[in-house]
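A.B. asks: Sharing a structure here in structure tokens format.
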Amino acid sequence: DGGITQSPKYLFRKEGQNVTLSCEQNLNHDAMYWYRQDPGQGLRLIYYSQIVNDFQKGDIAEGYSVSREKKESFPLTVTSAQKNPTAFYLCASSIGTGNTIYFGEGSWLTVV
Amino acid sequence: AQSVTQLDSQVPVFEEAPVELRCNYSSSVSVYLFWYVQYPNQGLQLLLKYLSGSTLVESINGFEAEFNKSQTSFHLRKPSVHISDTAEYFCAVSESRDDKIIFGKGTRLHILP
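If you want it as structure tokens, here you go:
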């Protein structure tokens with residue numbers, strides 16, 4: 076089935092450790108996104124990528140890093156510099172500008 | 003850079019009553035506008051979108067939204083809500099020049115029996 080796969084669904088990490096969240100899509104979409112969803116904050120854009128080997132910072136990129144080496148993959152690394160990393164992270168993809176974006180099921184990250 | 007404001011974090015409304023969820027945006031260029039819905043314990047899905055043409059767009063489940071360029075708004079309306087409309091609704095904006103999509107903080111629609 077076509078879609079967006081995020082893994083892991085739940086992740087626990089100790090403070091100070093980097094953690095990488097995986098996002099894979101088989102929709103042949105050019106654009107991919109990472110959002111963070113917190114209660115009362117809506118979805119806030121962390122990074123987005125319009126094409127392979129290119130990505131742009133969103134509104135809350137500090138403490139995060141991404142790569143886009145393959146069209147189907149857009150992993151997100153939450154670094155120790157992120158002050159409040161505990162959150163629900165959503166990956167999404169789209170054919171391109173003006174088109175519907177499709178979301179993965181999300182990853183819950185808890186940092187203790 | 004574009005931004006989106008959803009002024010109401012929660013909207014309670016009686017079943018079969020009309021509802022309006024407000025969305026305002028800011029951008030210096032032409033935009034595409036979206037409403038996404040997140041039902042309890044489910045992922046986000048597209049409800050409707052405006053790209054160009056008619057300023058009034060409709061969804062298959064009775065919602066509609068009107069693009070008002072002068073007021074920079076894209077309010078979502080339904081003439082008669084049902085208990086199954088209980089969800090969180092997110093307005094989103096994309097500028098026509100790139101793929102960046104910004105979401106509002108969401109509005110929780112509570113349907114009262």
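Top line first, the protein sequences correspond to chains W and C. Residue numbers for the first sequence follow our numbering, so the first one is 76 and each next one is one higher. Residue numbers for the second sequence follow our numbering, so the first one is 3 and each next one is one higher. Think of the CB as a built atom: it goes at the ideal place given N, C-alpha and C, for glycine as much as any other residue.
Looking at chain W, is there any beta carbon in it that lies within less than 8 Å of the beta carbon of residue 65 of chain C?
C.D. replies: Your numbering for residue 65 of chain C matches position 63 in the second sequence. No, residue 65 of chain C lies away from the interface with chain W (no Cβ there is under 8 Å from its Cβ).
A.B. asks: Are the C-beta of residue 71 of chain C and some C-beta of chain W separated by less than 8 Å?
C.D. replies: Along the second sequence, read from residue 1 onward, the residue named residue 71 of chain C stands at position 69. Output row for residue 71 of chain C: interface = no.
A.B. asks: For residue 145 of chain W, count neighbouring C-beta atoms within 10 Å of its own C-beta (all shown protein chains included) and say buried if the count is 16 or more, exposed if not.
C.D. replies: As a working mapping, residue 145 of chain W is identified with position 70 in the first sequence. Under this definition residue 145 of chain W is an exposed residue.
A.B. asks: Going by C-alpha distance, which of W:106, W:118, W:103 is nearest residue 65 of chain W?
C.D. replies: As shown, chain W starts at 76 and ends at 187. That puts residue 65 of chain W outside it, with no answer to give.
A.B. asks: Quick one: grab the DSSP three-state call for residue 98 of chain C.
C.D. replies: Your numbering for residue 98 of chain C matches position 96 in the second sequence. Here residue 98 of chain C sits in coil by DSSP.
A.B. asks: So for residue 104 of chain C, helix, strand or coil by DSSP?
C.D. replies: Position 102 of the second sequence, counted from the start, is the residue given in the question as residue 104 of chain C. Residue state, collapsed to three classes: strand.
A.B. asks: Roughly how many angstroms separate the alpha carbons of residue 99 of chain W and residue 148 of chain W, rounded to a whole number?
C.D. replies: Locating residue 99 of chain W in the first sequence gives position 24, counting from the first residue. Locating residue 148 of chain W in the first sequence gives position 73, counting from the first residue. Each residue's Cα considered, the two are about 5 Å apart.
A.B. asks: I think residue 32 of chain C touches residue 173 of chain W, with their Cβ atoms under 8 Å apart; what is that distance to the nearest whole Å?
C.D. replies: Here residue 32 of chain C corresponds to residue number 30 of the second sequence, with the count starting at 1. Here residue 173 of chain W corresponds to residue number 98 of the first sequence, with the count starting at 1. About 10 Å separates the two Cβ atoms, so there is no contact after all.
A.B. asks: Using a Cβ-Cβ cut-off of 8 Å, state whether residue 61 of chain C counts as contacting chain W.
C.D. replies: As a first step, residue 61 of chain C must be located in the second sequence, where it is residue number 59. By this cut-off, residue 61 of chain C is not an interface position.
A.B. asks: Straight-line CA distance for residue 70 of chain C to residue 30 of chain C?
C.D. replies: Locating residue 70 of chain C in the second sequence gives position 68, counting from the first residue. Locating residue 30 of chain C in the second sequence gives position 28, counting from the first residue. Each residue's Cα considered, the two are about 15 Å apart.
A.B. asks: At 3 residues or longer, and completely inside the region 89-139 of chain W: list those beta strand (DSSP E) runs for me, N to C.
C.D. replies: The qualifying runs are 94-100, 106-113, 117-126, 129-132.
A.B. asks: Going along chain C in order, which residues have a C-beta closer than 8 Å to the C-beta of residue 169 of chain W?
C.D. replies: Residue numbering aside, residue 169 of chain W sits at position 94 when the first sequence is read from its first letter. Simply 101, 103.
A.B. asks: So that I know if they touch, is there some Cβ in chain C lying closer than 8 Å to that of residue 115 of chain W?
C.D. replies: Reading the first sequence from its first residue, position 40 is the one you call residue 115 of chain W. Yes, its Cβ sits closer than 8 Å to a Cβ of chain C.
A.B. asks: Name the one or two DSSP bridge partners that residue 47 of chain C has.
C.D. replies: Taking the second sequence and counting its residues from 1, one reaches residue 47 of chain C at position 45. In the DSSP output, where bridge partners are listed per residue, residue 47 of chain C has C:39.
A.B. asks: With 16 other CB atoms within 10 Å as the buried threshold, where does residue 168 of chain W fall?
C.D. replies: By one-based count along the first sequence, residue 168 of chain W stands at place 93. Counting Cβ neighbours within 10 Å, residue 168 of chain W comes out buried, since at least 16 surround it.
A.B. asks: Would you call the CB atoms of residue 79 of chain W and residue 179 of chain W closer than 8 Å?
C.D. replies: Here the question's residue 79 of chain W lines up with position 4 in the first sequence. Here the question's residue 179 of chain W lines up with position 104 in the first sequence. Cβ atoms of residue 79 of chain W and residue 179 of chain W: closer than 8 Å.
A.B. asks: Mind reading off the beta-carbon distance from residue 154 of chain W to residue 101 of chain W? Whole number of angstroms is fine, and I expect it under 8 Å.
C.D. replies: Translated into the one-based positions of the first sequence, residue 154 of chain W becomes position 79. Translated into the one-based positions of the first sequence, residue 101 of chain W becomes position 26. Their Cβ separation, rounded to whole angstroms, is 28 Å, which puts residue 154 of chain W and residue 101 of chain W out of contact at 8 Å.
A.B. asks: For residue 19 of chain C, count the other beta carbons within 10 Å of its own beta carbon; 16 or more makes it buried, fewer makes it exposed. Which is it?
C.D. replies: As a first step, residue 19 of chain C is located in the second sequence; it is residue number 17 there, counting from the start. Classification for residue 19 of chain C: exposed.
A.B. asks: Could you name the residues of chain C that residue 106 of chain W contacts, counting a contact when the two beta carbons are closer than 8 Å?
C.D. replies: Indexing the first sequence from 1 puts residue 106 of chain W at position 31. Residues of chain C passing the Cβ test: 101.
A.B. asks: When burial is assigned at 16 or more other CB atoms within 10 Å of the CB, is residue 137 of chain W buried or exposed?
C.D. replies: Within the first sequence, residue 137 of chain W is the residue found at index 62, counting from 1. When all chains shown are included, residue 137 of chain W counts as exposed.
A.B. asks: Check the Cβ-Cβ distances between residue 123 of chain W and every residue of chain C, and say whether any is below 8 Å.
C.D. replies: As a first step, residue 123 of chain W must be located in the first sequence, where it is residue number 48. Judged by the 8 Å Cβ criterion, residue 123 of chain W is in contact with chain C.
A.B. asks: Using a 10 Å radius around the Cβ and a threshold of 16 neighbouring Cβ atoms, would you call residue 62 of chain C buried or exposed?
C.D. replies: Position 60 of the second sequence, counting from 1, holds the residue named residue 62 of chain C. Exposed is the call here.
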